[in-house]
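Heads up, the thing below is written out as structure tokens.
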Amino acid sequence: MVSNKEKPKFKLSFFREISGTIRAISSLIFLILGLTLTHEVLFGNGPIIGFNTVLELVIASVVAGFGYFIFPDLCIAVKNWIEDIVYSAVQAIVSDFWEQQSKKITEVRREKQLKKSQEEAEKKVKDLQNGVVLDTSVLIDGRILDIAKTGFLDKNYIVPQCVLAELHTLSDSKDSIKRQRGRRGLDVANKLKKYGQVTTIDDVSKVVGDVDKKVTMLAKDKGIPLMTLDFNLNKVASISGVKVLNINELVDAIKTVLLPGENVIVEIVNQGKTNSQGIGYLGDGTMIVVDGARDKVGQEVAAKVKKVIQSKAGRMIFCEISQ
């Protein structure tokens, strides 16, 4: 592209090379025009002041001089002026065109970005609506992983950043038990991604308080349930109006149902608190207390159910040895 400084130099060089010919031709044309017009207009009816031929030559010479010295430069100036106008107009049109295109491109990009942000926000809201907040105790317990493997709990697992931070703190603890619990919780959170959608959010980072308060506020603000095994957190969340899911309650709900009067075979594994009681367990972990089985540790006995006691801590079945 030729710069503005190079452009005039090219013009001047070009006209300097051909200016002699152009000026001679222009001078000759103006000389002929001068003689013709002078003779026809001024001296057509005869001489006005005499010396008509001399005056015609003088006037024609002046006109010829105009044609040699002024008219070519005037033509060049007009030509340059027209070129500058055309160049400026084209430049303005091109500049305006690219400016409009740039605005359109920017607007399209902005609209795409806005649409993408809206879609992500809608997806996040949708995920949260079908989500359940997991607290530290659930991840450390690990049974949520077994539940997720079965596919019965079709939920988006919401793991707050504060819960992960607490697990990291535990995993770095000098206490071996705490360190093992923290690492187990992190491992469960990572493995959980294979069996369901796991979303980590940090919407409660500005909430002042401990982890329990933060997860409770998160579940309440989003209107989604909280899963916990912590008894105190269960109570606080319930009082705050948050729906609480307790894995122990789920386990109790699917345990084997035994009614008073039914018979059951159970292995006595330990002695009870009283002199006559023996302790055994069903396959789902339910404790069975059998009267008259204290001396039968290590043996299987046939027992008859007397009563079933259900509590938040679990279920206990009291039996007596069948006769």
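Here the sequence shown is numbered in UniProt numbering, starting from 1 and rising by one per residue.
Each residue gets a CB set at the ideal place from its N, CA and C atoms; glycine is no exception.
Might you give, ordered along the chain, the residues of its own chain that have their beta carbon closer than 7 Å to the beta carbon of residue i, omitting 5 neighbours on each side?
i, result
"VAL132", "LYS155, TYR157, ILE158, ILE224, PRO225, MET227 and LEU245"
"GLU262", "VAL305"
"LYS222", "LEU128"
Please classify residue i: is it buried, with 16 or more other beta-carbons within 10 angstroms of its beta-carbon, or exposed?
i, result
"ALA64", "buried"
"TYR87", "exposed"
"LEU233", "buried"
"PHE30", "buried"
"LEU259", "exposed"
"THR136", "buried"
"LEU139", "buried"
"ILE48", "Only weak support exists for where ILE48 lies, its pLDDT of 47 falling under 50; the coordinates are left without a value."
"ALA92", "exposed"
"THR216", "buried"
"ILE288", "buried"
"ALA219", "buried"
"CYS75", "exposed"
From the DSSP output, which residues share a beta bridge with residue i?
i, result
"ASP291", "GLN277 and GLU320"
"GLY131", "ASN156"
"VAL244", "LEU226"
"ARG315", "GLN310"
Span of the beta strand (DSSP E) holding residue i?
i, result
"ILE201", "198-201"
"LYS307", "300-311"
"ASN263", "263-271"
Grab the span of the alpha helix (DSSP H) containing residue i for me, first residue to last.
i, result
"ASP210", "No alpha helix (DSSP H) contains ASP210, which DSSP labels as neither H nor E."
"GLY185", "176-191"
"PHE231", "231-239"
"SER173", "Note, SER173: premise wrong, no alpha helix (DSSP H); not H, not E."
"ASP146", "143-150"
Tell me which same chain residues have a C-beta within less than 6 Å of the C-beta of residue i, skipping the five on either side of it?
i, result
"CYS162", "VAL211 and LYS214"
"ASP202", "GLN161"
In chain order, what residues of the same chain have a beta carbon less than 8 Å from the beta carbon of residue i, not counting five sequence neighbours either side?
i, result
"ILE265", "GLU300, VAL301, ALA302 and ALA303"
"VAL297", "ILE268, VAL269, ASN270, GLN271 and GLY278"
"LYS178", "LEU170"
"SER61", "LEU31 and GLY34"
"residue 344", "With the chain running from 1 to 323 in the structure shown, residue 344 is simply not present."
| request: Indicate whether the contact test is met: 3 or more Cβ pairs, each with one atom in the segment 252-262 and one in the segment 192-204, closer than 8 Å. | output: Too few Cβ pairs lie closer than 8 Å, so no.
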